[in-house]
Amino acid sequence: YYILTAIIIIALSIYLTAPFIDHHQFVFLVFSAFTALILLKKIDLVINEKRAIRHELAAKNTELAREHQEQKELLKSVEYAKRQWEMTIDCMDDMLILTNAELIVQRCNNPVAEFTGLEYLSILGRNINQLYPELNIETRNLIAESFEYRHEASGRFFYVRIYGVEEGGRPMFVITLSDISEVKMINARLQLQNQEIKQERQQLQTALDKISQLIKLASTGKFIIEPLDDSQKSCYDELECTNPECPCYGVKKARCWLISGTLCLCHGEQQDDFASKKELCAKCPYYKKRVQDPISQVNEEFNSLMHMLVSKNRELARAYEELKEAESQMLQQEKMASIGLLAAGVAHEINNPVAFIGSNINTMKKYMLRISTFITTLEEYLQESGQAAAAAESRRSLKIDFIMADINDLINESLDGCERVKKIVMDLKGFSRVDDSDRQAADINECLDTTINMVWNELKYKVDLKKDYDENLPLLDCYPQQLNQVFMNLLVNAAHSIADRGEIHLKTWAEADSIYVKISDTGAGIAPEHLSHIFEPFFTTKKVGEGTGLGLSIVYDIITKNHKGDIEVNSEIGGGTTFIIELPCNTSGNIPESS
């Protein structure tokens, strides 16, 4: 554009000045015109280059803005992932600590602060050996190391694992401490029981060996016993026993011979060995009469050893049953703990999306109110403009009134559904903490309702549930999670006893210094011959594989041992079953600290 304008101006100048200038001036003028054209061309090229550079810079600025926005989004994602990670490690039961190469704490989870009793910020920057004095971790040979550690102040045992990691090229250590105190206690108890069983087996084997020796003596008839002189004194006189009722040396003659396998109350000598007995009884004037019949001697010793054998067998059987019960209860507790952890995790995962849904539906409800207001305003405007009939026809054909009313109902129903899901999640999280060993004040009515929510799927198809709660019940100092387990066992058993359709009645009341819970059903009932055995471990009337026989045994232990209460059962065949639980209110000092 500039070049064309310049050419036109030069041409006009030449045309207008040609008659007035000479040849040399004309040539100079033409040369100057072409020089100006060349300069204009270069100027145009420079302008175009600058314009291209400006466009390129604008494109680069746009690209940088886009990359900056992507980095902001990536930073938000990293921050969200970091919060999720922190929430996850804080939900762990194990203590987790991140240290640098010098074992200085960089990060940790909530269980570390709860165990040490320190604020999170005051933990950071400390050496881990200051937090756990007996840990004695050195920085050498730490990769994938694991060992047991006892915390002296609390007396608890932990299993320590150490993992080497890198952060920004720097060596770091992840250290976890898992509480194994309960496992150690159970293992020690099992080892003690196994040792007792081993000792009893050894004693039993010794008794059997003695019986074999007696049988061998009886078969050969070789008893080496020196007869006594009649001038010798009696046991009572000779040993100067001061206790006339002593089972070994009492006033009654020959008691030392008749009673074997007993401990002398006066002299502390065991009478279970034949040679020792012979030596002690050799001073008795009635000894000769007794030893003249060796068969009676063998019979007496054999009977005594048989009595000891039967007693040891009973003790062994009882120890075996106790061990079996302990193992079953431990397995049951481990199952409940695993279910509790799974339930807590599921509840936590459900809670987040439910919160999003509820928040979005509330926002949607506010938007719908604005849309409804806008539609009303629009209708008023159409009526003023004379188009009311067309608007009414459109409103009717599109069913706007029905849609607006139905949307409100749908939103309200969705919000109600979210609240119900939140309630179920809260009940699930509360019910799942079966490993909580702390006493706390609890509302028994709330414990019952929480348990009902957990087992409702088992009840709703065959049971009509009726509640008669005392709304003025005092709070009870108890183990609420254990009581939830009691109520769950009784409710599920009641549902199993109902064949087609029946009722379960729940009643609570307070009387004197106790709270009472009554659970009645209209099921099949319990046979009289079984009623006295239902709280015994491993007793069950269910088919093989349907029950362990430990449910009511655990119920009985929780009520009577852990809460110093009482449980009563009444039942008749075809007339249903009623359990009445008494829970004393003033037993906080008598309830065991750990159950």
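In the working numbering, the protein residues as written are -3 to 591. Built from N, CA and C at the ideal position, the CB exists for glycine as well. This one's a predicted model, so the numbers in the text were calculated from it and none came from an experiment.
- Excluding its 5 nearest sequence neighbours in each direction, residue 520 has C-beta neighbours in its own chain below 6 Å: 493, listed in chain order.
- Exclusion of the five residues before and after residue 551 leaves 482, 485 as the residues of its chain whose Cβ lies within less than 6 Å of its Cβ.
- Judged by DSSP in its simplified three-state form, residue 532 adopts coil rather than helix or strand.
- When 73, 445, 383 are compared, the shortest CA-CA separation from residue 476 is found for 445.
- Residue state for residue 518 is assigned as coil, using DSSP reduced to three classes.
- Taking a cut-off of 8 Å for Cβ pairs, the segment 113 to 132 and the segment 66 to 79 do not touch, as fewer than three such pairs fall below it.
- By the Cβ test, the segment 185 to 198 is not in contact with the segment 119 to 126, since fewer than three Cβ pairs between them sit closer than 8 Å.
- Of all C-beta pairs linking the segment 496 to 506 to the segment 521 to 533, fewer than three are shorter than 8 Å, placing the two stretches out of contact.
- Of the residues 173, 41, 148, 146, the one whose Cα lies closest to the Cα of residue 105 is 173.
- In the structure shown, residue 65 falls within a helical segment according to DSSP collapsed to helix, strand and coil.
- Burial check for residue 161: the Cβ neighbour count within 10 Å stays below 16, so the residue is exposed.
- Residue 361 has its alpha-carbon roughly 7 Å from the corresponding atom of residue 404.
- The segment 170 to 184 makes contact with the segment 90 to 99; the number of CB pairs closer than 8 Å reaches 3 or more.
- Per DSSP, residue 167 lies in no alpha helix (DSSP H) segment; the continuous beta strand (DSSP E) that holds it begins and ends at 166 to 175.
- When beta bridges are read from the DSSP output, residue 153 appears opposite 146.
- If the five residues before and after residue 319 are omitted, its C-beta is found closer than 6 Å to the C-beta atoms of 189, all from its own chain and listed in chain order.
- Of the residues assessed, residue 143 falls on the exposed side of the cut-off, its CB having fewer than 16 other CB atoms within 10 angstroms.
- Taking residue 505 as the centre and dropping the five residues before and after it, the same chain places the C-beta of 466, 512 closer than 7 Å to its C-beta, in chain order.
- In terms of Cβ geometry, residue 127 and residue 112 form a close pair [threshold 8 Å].
- CA-CA distance, residue 454 to residue 491, rounds to 7 Å.
- Counted as a single uninterrupted DSSP element, the stretch harbouring residue 88 is not any alpha helix (DSSP H), since DSSP gives it neither H nor E.
- Beta-bridge partners of residue 565 (DSSP): 575.
- In this structure, DSSP gives residue 77 a helical state, which the three-state scheme calls helix.
- Looking at the DSSP output, residue 103 sits in a beta bridge with 94.
- Within the segment 387 to 469, the runs of alpha helix (DSSP H) at least 4 residues long that lie entirely inside it are, in chain order, 396 to 428, 440 to 455.
- The residues 486, 515, 565, in chain order, have a CB closer than 6 Å to that of residue 575 in the same chain once the five nearest residues on each side in sequence are set aside.
- Counting only the Cα atoms, residue 153 lies some 6 Å from residue 147.
- The three-state secondary structure of residue 129, taken from DSSP, is coil.
- By a beta-carbon distance limit of 8 Å, residue 474 contacts residue 438. Their separation comes to about 6 Å.
- Scanning its chain for C-beta atoms nearer than 7 Å, with the 5 sequence neighbours on each side dropped, one finds around residue 522 the residues 530, 567, 573, in chain order.
- Taking the Cα of residue 167 as reference, the smallest distance to any Cα among 415, 97, 119, 393 is reached at 97.
- In this model, residue 472 and residue 436 are separated by some 8 Å (Cα to Cα).
- Secondary structure at residue 559: coil, using DSSP grouped into helix, strand and coil.
- The continuous alpha helix (DSSP H) containing residue 525 extends over residues 524 to 527.
- Annotation for residue 101: 93, 94, 95, 119, 120, 121, 122, 123, 124, 127 place their beta carbon closer than 8 Å to its own, counting only its chain and skipping 5 residues before and after.
- In this structure, DSSP gives residue 494 a state outside helix and strand, which the three-state scheme calls coil.
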